[in-house]
Amino acid sequence: QVQLVESGGGLVQAGGSLRLSCAASGNIFSLNIMGWYRQVPGKQRDLVARIGSGGVTIYADSVKGRFTISRDNAKNTVYLQMNSLKPEDTGVYYCNRNPPYGSYWGQGTQVTVSS
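So that you can map any letter, position 3 of the sequence shown is 576 in my numbering, and since no number is skipped, the others follow by simple counting.
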């Protein structure tokens, strides 16, 4: 059983920054590659960034150069530093393994970027 708890979302003006955290507990050995996903109403949950256990990262084109994913394996935590935020970054952000495992989805954290 794995529990993932996201935090750090909020309301920010365009151009601002937020740092999201994802704390993992339970059977974490399956969490080799971790990802951050974003969902907006009426659309599917899309991968924003992912990171392997060795630190290799991949980003969606829309966030390259603005977002940075990182992990602290000792703390079982994955982060997403979001800079130069845009209104189109608005959504609920979730973390999960990549590819995602259905039962691992948490509550997510809402990010709202105002123009």
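Every residue gets a Cβ at the ideal spot worked out from N, C-alpha and C, and that includes glycine.
- Inclusion of R639 and S626 in the CB contact set at 8 Å is not warranted, their separation being larger than that value.
- Shortest Cα-Cα distance from V578 to any of V686, L584 and T682 involves T682.
- Inclusion of L593 and Y652 in the CB contact set at 8 Å is warranted, their separation being smaller than that value.
- Residues of the same chain with a CB within less than 7 Å of the CB of V585, apart from the 5 flanking positions on each side, are L591, L658 and V686 in chain order.
- In the structure shown, I601 adopts helical secondary structure according to DSSP, grouped into three states.
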